[in-house]
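The block underneath contains the structure these notes are about, expressed in structure tokens.
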Amino acid sequence: MSKQADTGDENAAQRQTVAEFKQAVNMTPAQLEKWLDTDDSKRVGQKHGNAESTGHQSGRRIVELLHRHAQDLSAADIAHMRKVVGYIHRHQAQGPTRSDPASSDWRYSLMNWGHDPEKK
């Protein structure tokens, strides 16, 4: 395969990742920033000791990514977008463990990753 074909395939894959990211992340940067400042946001998620949770840290990166233009995305940015899409899809499939998903840790964890399942 030629180098030009490789670049075309890479560009198509990058465009697809960006599109999937935009579909999965349904919170605006302002909504996500406001959420990340809450105690519930800081409480949920996988942590090591008192460190910031993986999801909370990802949320801060998602805010940055939402402000970037597609042409300014690095390979690391695209990789993180893929990670976000994968997490959101896996976590959505699990569903809440309680009868009230609106105030569940399941929802709060998804929101740290930029997806509010209650948002219409």
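Numbering-wise (the numbering used here), the sequence shown opens with residue 2 and increments by one. Think of the CB as a built atom: it goes at the ideal place given N, C-alpha and C, for glycine as much as any other residue.
Below 8 Å, how does it come out for the segment 100-117 and the segment 27-46: are there three or more Cβ pairs, yes or no? yes
Might you give, ordered along the chain, the residues of its own chain that have their beta carbon closer than 7 Å to the beta carbon of Glu34, omitting 5 neighbours on each side? As a first step, residue 34 is located in the sequence shown; it is residue number 33 there, counting from the start. These residues qualify, in order along the chain: Val64.
Buried or exposed for Thr39, going by 16 or more other Cβ atoms inside 10 Å? Along the sequence shown, read from residue 1 onward, the residue named residue 39 stands at position 38. By the neighbour-count rule (16 or more Cβ atoms within 10 Å), Thr39 is not buried but exposed.
Unbroken alpha helix (DSSP H) run spanning Trp107, endpoints: Position 106 of the sequence shown, counted from the start, is the residue given in the question as residue 107. Asp106 to Asn113 is the span of the alpha helix (DSSP H), which, as asked, contains Trp107.
From Arg44 to Gln15, what distance separates their C-alpha atoms? Translated into the one-based positions of the sequence shown, residue 44 becomes position 43. Translated into the one-based positions of the sequence shown, residue 15 becomes position 14. Each residue's alpha carbon lies about 33 Å from the other.
If Leu66 and His81 are in contact, beta carbons under 8 Å, what's the gap, nearest whole angstrom? Counting from one through the sequence shown, the residue named residue 66 turns up at place 65. Counting from one through the sequence shown, the residue named residue 81 turns up at place 80. The pair is a contact, with the Cβ atoms about 7 Å apart (cut-off 8 Å).
Inter-residue spacing [alpha-carbon to alpha-carbon] between His10 and Asn51: Along the sequence shown, one-based indexing puts residue 10 at 9. Along the sequence shown, one-based indexing puts residue 51 at 50. Checking the displayed sequence, the identity of residue 10 turns out to be Asp instead of His. Taking the straight line joining both Cα atoms gives about 42 Å.
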